[in-house]
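Taking it in order: structure first as structure tokens, then the write-up.
Residue numbers (our numbering): 199 to 340.
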């Protein structure tokens, strides 16, 4: 009877961590990055006829007076409809040359679903632990 909450808690927690790892990593790497103007050099899509679901996006930007081509790190959440030659604003960190991210990809709303799963996992695990503790006390007459 108590086995389901003991399994559900860690599963929710693991799911939340897996869903949030990409945004958490991006937040870590690009939190202090500068917004710079860039030009899309190539954009490949899973659904090319609609320019939806990017599979690869590369942009050219100026870093210290020289042109650098960078890949967008989290293409799954990149905006749709980009074409070569489009002007865009990206986040670029000099410590991670060759990598960029769109500012909209760092929104806190991206962490809502993973955060909900982590919260549900913690709540379920704590509730299962308290319930098990009470069951043990009841059996031993304390």
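Ideal Cβ placement from N, Cα and C applies to all residues, glycine included.
Keep in mind it's a predicted model, so treat the numbers as computed, not measured.
- Under DSSP, residue 256 forms a beta bridge with 240, 269.
- Annotated three-state conformation of residue 289 is strand, per DSSP.
- Straight-line spacing of the CA atoms in residue 288 and residue 329 works out to 49 Å.
- Apart from the 5 residues on each side of it in sequence, residue 239 sits with its Cβ closer than 7 Å to the Cβ of 256, 257, 258, 267, 282 in its chain, given in chain order.
- With contacts defined as CB atoms closer than 9 Å, residue 325 and residue 231 fail to qualify as a contacting pair.
- Under the 8 Å Cβ criterion, the stretch 292–301 counts as touching the stretch 218–232, having at least three qualifying pairs.
- In the DSSP assignment, residue 299 falls within the beta strand (DSSP E) that extends over 297–299.
- The Cβ-Cβ distance between residue 252 and residue 241 falls below 9 Å.
- Residue pairing for residue 232: DSSP places it in a beta bridge opposite 290.
- Ranked by Cα distance from residue 276, the options 319, 209, 298 are led by 298.
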